[in-house]
Structure formats: structure tokens, C-alpha cells
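Only one structure is covered here, and it is reproduced in the block below.
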Amino acid sequence: MRAHHHAAGAVKKRRASFWPFRGGLSTKIHVCVDGLGQAVRFILTGGQRNDITQTEALIKEMKPSVILADKAYDGDALIACIQNKNAKAVIASR
1 MRAHHHAAGA
11 VKKRRASFWP
21 FRGGLSTKIH
31 VCVDGLGQAV
41 RFILTGGQRN
51 DITQTEALIK
61 EMKPSVILAD
71 KAYDGDALIA
81 CIQNKNAKAV
91 IASR
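Letter 86 of the sequence shown, counting from 1, is numbered 86 in UniProt numbering, and no numbers are missing.
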């Protein structure tokens, strides 16, 4: 009985993997925007850096009334920092 070459465990062709495009270095852009979605401040970090680690630096000199963020930013220390700025934290819980 003949099997299809995909089912028979044939060696798969792989595309050439060129570093750093595959599993190599990456960069994250942490951005603070205003109410119109325009960038006000940004910080560049290595791609493996956690998002929450840069938030205090982003809002340091700002006087926001509300900070809207996704659940990656749900941390007690950050929420306390936002409340110390007399701003409201609108962050989805984990």
C-alpha cells in the first residue's frame, strides 16, 4: 500500500532561516498616547522586556486624568502609582 508522501514522514522542506528574523533579537515600542491616539512619549526596549516595567517612566512627567491599559499592565504597584497621580486606572484584570 502506498502512502502519500506527507503521511509517510517525508523530510519537509524548510525555508532558509536568517538570523535575527527568526527567533532572534526583537524590539518593543512602549507608547503613551493622548485622547486622540497621538503618540506623546515612547520608550524602546528589548523584545523580552515586560510591558509593565516601562509604564512608570512613560507617565512620569505627565498629568493624566485616566490611564487605559490592557491586562498586561494589571499590577498593584502600577495602580498605586497611577492613583498617586490622581488619575483613574482603567485596566482589565487578569
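Every residue, glycine too, gets a C-beta built ideally from N, C-alpha and C. Every value quoted in this text rests on a predicted model; they were computed, and no experiment measured them.
Length of the line joining the Cα atoms of residue i and residue j
{"i": "D74", "j": "L25", "result": "26 Å"}
{"i": "K88", "j": "A77", "result": "14 Å"}
{"i": "D53", "j": "R41", "result": "Looking at the sequence shown, residue 53 is not Asp but Thr. Those two C-alpha atoms are separated by around 15 Å."}
{"i": "A39", "j": "I67", "result": "14 Å"}
{"i": "I43", "j": "I79", "result": "20 Å"}
{"i": "N86", "j": "L36", "result": "21 Å"}
CB-CB length for residue i against residue j, believed under 8 Å
{"i": "A92", "j": "K71", "result": "4 Å"}
Candidates the options: closest to residue i by CA position
{"i": "V33", "options": "T27, M62 and N86", "result": "M62"}
{"i": "C81", "options": "I59, I43 and L36", "result": "I59"}
{"i": "V31", "options": "A69, Q83 and Q48", "result": "A69"}
{"i": "S65", "options": "V90, G37, I43 and L44", "result": "V90"}
{"i": "R49", "options": "K28, G35 and T55", "result": "K28"}
{"i": "T45", "options": "T55, R94 and G37", "result": "T55"}
*Counting only runs of 4+ residues fully inside the stretch 36-90, write out the alpha helix (DSSP H) ranges in chain order.*
55-59 and 76-84
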